[in-house]
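These notes are about the structure you will find just below.
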Amino acid sequence: MVSDNSWKYSPSSITFNSIYGGEDEDARITSSWKPVVIQKGPRGVLRQQIAQPVKMMEYFGVKSRHQLTPQQIAKASNAKHPIPAGTFVLDMGQNLAGFPQIKVSGKAGQQVRLYLSETLTAQGTCNQKQSGSPYYLNYTLSGKGEKASDGKRIETWHPHFTYYGYRYIQVEGAVMKGDENPDGKPVIEDIQSCFVYNSAAKIGSFECSNPMF
Numbered sequence: 004m005v006s007d008n009s010w011k012y013s014p015s016s017i018t019f020n021s022i023y024g025g026e027d028e029d030a031r032i033t034s035s036w037k038p039v040v041i042q043k044g045p046r047g048v049l050r051q052q053i054a055q056p057v058k059m060m061e062y063f064g065v066k067s068r069h070q071l072t073p074q075q076i077a078k079a080s081n082a083k084h085p086i087p088a089g090t091f092v093l094d095m096g097q098n099l100a101g102f103p104q105i106k107v108s109g110k111a112g113q114q115v116r117l118y119l120s121e122t123l124t125a126q127g128t129c130n131q132k133q134s135g136s137p138y139y140l141n142y143t144l145s146g147k148g149e150k151a152s153d154g155k156r157i158e159t160w161h162p163h164f165t166y167y168g169y170r171y172i173q174v175e176g177a178v179m180k181g182d183e184n185p186d187g188k189p190v191i192e193d194i195q196s197c198f199v200y201n202s203a204a205k206i207g208s209f210e211c212s213n214p215m216f
């Protein structure tokens with residue numbers, strides 16, 4: 004495949020991404036195509052990848068939920084990370100390398116922020132001291148998701164250019180489906196952890212009577 008001056012480009016709705024810092028996406032940003040500028044291509048030889056691709060291979064739902072108290076929020080908040088009221092933490096029951104996928108409803112411009120971690124602090128918040136911080140995911144709603152039977156517009160999102168080792172998800176700026184929502188926050192209709200790894204075919208297995216293994 005060879006590009007030429009007939010190609011066009013457009014800014015992405017992904018406004019930030021980092022393997023070490025997370026990802027921000029603003030779903031309100033729409034395509035605005037412009038002509039490309041021809042540049043010299045990189046040197047070298049393009050070779051076909053022979054390894055199997057990394058894919059979303061397994062999915063895990065919420066095992067339990069902990070609503071942070073005002074006292075816990077006050078103790079855990081600091082100037083760099085003021086934790087908003089209503090924040091809660093989800094235990095996905097499985098430590099994995101991957102990312103969350105959410106189904107969310109709300110108004111255009113509302114934002115959901117997710118912090119991930121393998122362990123929790125004494126206050127019950129996500130602890131990223133061992134795994135690298137700050138790492139979080141921001142999603143800004145477009146308000147134009149798929150229409151559900153109750154009339155809500157449901158948007159499905161997960162990050163595309165980052166992953167993290169985690170078990171816990173700290174949700175800020177949203178409520179879970181079924182919660183009271185006097186402030187009109189975005190509603191997490193569903194959330195799951197996506198376990199990503201090499202998609203090579205399974206060729207063997209191991210079983211043992213010892214539960215440790």
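Take my numbering: the final residue in the sequence shown is number 216, and no numbers are missing along the way.
For every residue, glycine included, the Cβ atom is placed at its ideal position computed from N, Cα and C.
Cβ neighbours of residue i in the same chain (closer than 7 angstroms, five flanking residues each side left out)
i, result
"residue 96", "63 and 66"
"residue 151", "157"
"residue 43", "none"
"residue 34", "13"
Distance CB(residue i)-CB(residue j) smaller than 8 angstroms
i, j, result
"residue 89", "residue 178", "yes"
"residue 101", "residue 196", "yes"
"residue 1", "residue 38", "The structure shown does not extend to residue 1, since the chain spans only 4 to 216, so no value can be given for it."
"residue 99", "residue 198", "yes"
"residue 194", "residue 119", "no"
"residue 29", "residue 159", "no"
"residue 212", "residue 56", "no"
"residue 104", "residue 161", "yes"
"residue 16", "residue 32", "yes"
"residue 79", "residue 122", "no"
"residue 146", "residue 110", "yes"
One or two residues paired with residue i in a DSSP bridge
i, result
"residue 156", "150"
"residue 193", "106"
"residue 143", "29 and 114"
"residue 165", "Partner(s): none; residue 165 has no beta bridge."
"residue 130", "122"
"residue 171", "94 and 120"
"residue 21", "25"
"residue 5", "DSSP, once it has assigned bridges, lists no residue as partnering residue 5."
"residue 215", "DSSP lists no partner for residue 215."
"residue 100", "168"
Beta-carbon proximity list for residue i, same chain, < 6 angstroms, skipping 5 on both sides
i, result
"residue 176", "114, 115 and 116"
"residue 200", "60"
"residue 155", "108"
Sequence-distant residues of its chain with Cβ nearer than 8 angstroms to residue i (five each side left out)
i, result
"residue 75", "126, 127 and 128"
"residue 11", "36, 37, 38 and 39"
"residue 216", "209"
Near the ligand FMN: residue i beta-carbon under 7 angstroms from a heavy atom
i, result
"residue 210", "Here there are no bound small molecules, and the ligand FMN is not part of this structure."
Mind pulling the alpha helix (DSSP H) runs of 4 or more residues that sit fully within the region 28-83? 73-79
Can you confirm whether the region 120-132 touches the region 177-195 when touching is taken to mean that 3 or more C-beta pairs between the two stretches lie within less than 8 angstroms? no
Three or more C-beta pairs under 8 angstroms: does that hold for the region 158-173 against the region 74-85? no
Cβ pair count under 8 angstroms reaching 3, the region 159-168 against the region 22-29: yes
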